[in-house]
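The letter at position 1 of the sequence shown is residue 0 when you use numbering that gives the first Met the number 0, and the numbering goes up by one with no holes. Each residue gets a CB set at the ideal place from its N, CA and C atoms; glycine is no exception.
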Amino acid sequence: MAFPGESAEYRTARNRLLDQELELRRATEALAAARRELPPGGVVPEDYVFQGAGADGTPTDVRLSELFAPGKDSLVIYSYMFPRHPGDKRPGPKAGRTAQLKLEEGPCPSCTALLDQLDGAVEHVSPHTNFAIVARAPLPRLLTFAQERGWRRLRLLSCADNSYSRDYRAETADGSAMPMLNVFRRDGGEIRHFWGSELLYAPTDPGQDPRHVGTLEPMWNLFDLTPEGRGADWEEQLSYDR
0 MAFPGESAEY RTARNRLLDQ ELELRRATEA LAAARRELPP GGVVPEDYVF
50 QGAGADGTPT DVRLSELFAP GKDSLVIYSY MFPRHPGDKR PGPKAGRTAQ
100 LKLEEGPCPS CTALLDQLDG AVEHVSPHTN FAIVARAPLP RLLTFAQERG
150 WRRLRLLSCA DNSYSRDYRA ETADGSAMPM LNVFRRDGGE IRHFWGSELL
200 YAPTDPGQDP RHVGTLEPMW NLFDLTPEGR GADWEEQLSY DR
């Protein structure tokens, strides 16, 4: 490989980097294979009842078992920090009904940025895998913000009235929300936990992000390709001044 105008120094360094990229690809494939070979996880302790919206938009109870469509035995659930973590002081929405909420009752900007990206991916994911977003906010708040944000494909559920968040590590001991992602597997009549993004709670080296769902986020991965990188002090916002 060679690109117009590149120096020999650049090509030598780029080839070294390519070797690292090859190793990362091998490690990524090996990690995915090892994840698929995990032994059965714990049986889900109860058939959690969430609140969702029916076809006509009216609230309806939805059990965890009902999130599995026929022929699709894996279920991915992302725990949306709505309300946000109490220590998050980034600005809330500037307009709409959600802007009327107290800051601590509003949505997390980082989670929102991820869901902006996943809303487009769901159309391609849904033929193969069940996918849902749960949050402790009341369902009307979730649906209102989804409309304000322009989301069209995400399945949004409220877990305000069950212990799902607490049981599956989407809450800290003091009840603060955490952005946990969990995968469940249906096997016959049983539903078991398959995998969770426990990297969220693992120690990080200085200057590192948890990256517990890092491979899902096009935005951060795109930044990694640039000379500026992710930026040491930059964080997602609900809106930006351009």
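The stretch 200-212 and the stretch 81-93 do not touch, with fewer than 3 CB-CB distances between them shorter than 8 Å. The three-state secondary structure of Y77, taken from DSSP, is strand.
For R241, no pairing in a beta bridge is given by DSSP. The residue among D46, P126, Q116 and R13 with its C-alpha nearest the C-alpha of R191 is D46. Relative to the Cα of V133, the nearest Cα in the group E147, D160, R151 and G149 belongs to D160. T97 places its beta carbon less than 8 Å from that of T143. Excluding five sequence positions before and after P217, the CB atoms of its chain that fall closer than 6 Å to its own CB belong to Q116, given in chain order. For P139, the uninterrupted alpha helix (DSSP H) segment begins and ends at L138 to R148. About 4 Å separates the beta carbons of P106 and F81, which is inside the 8 Å limit, making them a contact pair. The C-beta distance from N14 to A68 rounds to 47 Å, too long to meet the 8 Å contact threshold. Residue burial is scored here from C-beta neighbours: Y167 has at least 16 other C-beta atoms within 10 angstroms and is therefore classed as buried.
Within the stretch 4-42, complete alpha helix (DSSP H) segments of at least 4 residues are found at 7-35, given in chain order.
Within its own chain, the residues whose Cβ lies closer than 6 Å to the Cβ of Q50, once the five positions on either side in sequence are excluded, are P58, L138 and S157, listed in chain order.
Contact between E103 and R83 holds: their C-beta atoms lie close to 7 Å from each other, under 8 Å. According to DSSP, residue pairing for N220 in a beta bridge does not occur.
Contact between S78 and S164 is confirmed by a C-beta separation of about 6 Å, below the 8 Å threshold.
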